[in-house]
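Engineer: Numbering (my numbering), first residue to last: 2 to 298.
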Ligand SMILES: [Ca+2]
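(1) In the DSSP assignment, find the beta strand (DSSP E) that holds residue 56 and state where it starts and stops.
(2) Should the segment 280 to 292 be regarded as contacting the segment 165 to 182, the criterion being three or more beta carbon pairs within less than 8 Å?
(3) Suppose you measure from the CA of residue 147 to the CA of residue 77; what does that come to, to the nearest Å?
(4) Determine whether the beta carbon atoms of residue 15 and residue 110 lie at a separation below 9 Å.
(5) Quick check for students: name the residue ranges of the alpha helix (DSSP H) that lie wholly in the segment 161 to 238, counting only runs of 4 or more.
(6) Among the candidates 3, 23 and 13, whose CA atom is the shortest distance from the CA of residue 222?
(7) What are the partner residues of residue 279, as DSSP defines its beta bridges?
(8) Does ligand 1 have a heavy atom nearer than 8 Å to the CB of residue 19?
(9) Would DSSP call residue 12 helix, strand or coil?
(10) Tell me which residues share the same chain as residue 30 and place their Cβ nearer than 6 Å to its Cβ, disregarding the 5 neighbours each side in the sequence.
(11) Compare the Cα-Cα distances from residue 254 to each of 246, 265, 248 and 261 and report the closest residue.
(12) Is the beta carbon of residue 53 closer than 9 Å to that of residue 83?
(13) Unbroken beta strand (DSSP E) runs of length 3 or more, entirely within the segment 72 to 151: which are they?
(14) Identify which residue in 75, 71, 200 and 41 has its Cα closest to the Cα of residue 217.
(15) Taking C-beta to C-beta, are residue 127 and residue 153 nearer than 9 Å?
(16) Say the cut is 8 Å; is the CB of residue 127 nearer than that to a heavy atom of ligand 1?
(17) Is the beta carbon of residue 214 closer than 9 Å to that of residue 125?
(18) Under 9 Å, do residue 197 and residue 287 count as touching if we go by C-beta distance?
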């Protein structure tokens, strides 16, 4: 088996997100919580991989809306990384009364992974690899023991450059070049999500205008309300994998990333990496996500 999703074996999911520069991270959190309601897995933590403290408040606002306000929220410890990068997170915090800021990301990772059973966590990354690379550098044994697999919105297949990798290339290359043996990594590469356009319509404002995800889409898109779905696809695949017939996987690949953040995938039975492939049209996939974005908790 290439990748065992939560739908086939219940594991917890930790989401590592740059919530702020794009609003698909807010949509991805909505997808996470609606699929959590369906499949019943744990989400012990959500990590903000940027220095923007409003990202943490936005995560909490969305978690609280979906009934999970107590989930631990960590953030990147260094200052200045995408710190003022969001058109929506300060507004979401203000509208929903959330204070900015969160715990140190490594402290949260240490705590929740130490408490987890071996091989029981799927790590989903939908932003640059700052906090995930820090975990891998400083707690490699813990990572290897507890994390069953990684699903990342990152890179381009078969080769190229993608923002989540190159914007902090040292961390991106370190993370993907140094994953522990036996920890498969599934990539939702740039081309999976970018033409899956999802979000809301102006008519939705009456029903969803008081929700944090709608507000994130509204503020980020200047009211157009529709956006690419990069991050939604990665969360979705971590939960359902190939079981719902929407995505498949390539053959086994080796992923190599240079210090500038350029990536190359090459076939390798022992490479441990796979890229998602689409088995449905962009319109069919968009309809699936649009329905999840409209499901109320
Ligand atoms: Ca993201």
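Idealized CB from N, CA, C, for every residue including glycine.
Structural biologist: Taking the definition as stated:
(1) Looking at the DSSP string, residue 56 is not in any beta strand (DSSP E); the run it does join, the alpha helix (DSSP H), is 54 to 66.
(2) no
(3) 21 Å
(4) yes
(5) 164 to 167, 170 to 178, 191 to 194, 206 to 209 and 213 to 221
(6) 23
(7) 248
(8) yes
(9) coil
(10) 63
(11) 265
(12) yes
(13) 73 to 76 and 122 to 127
(14) 200
(15) yes
(16) yes
(17) no
(18) yes
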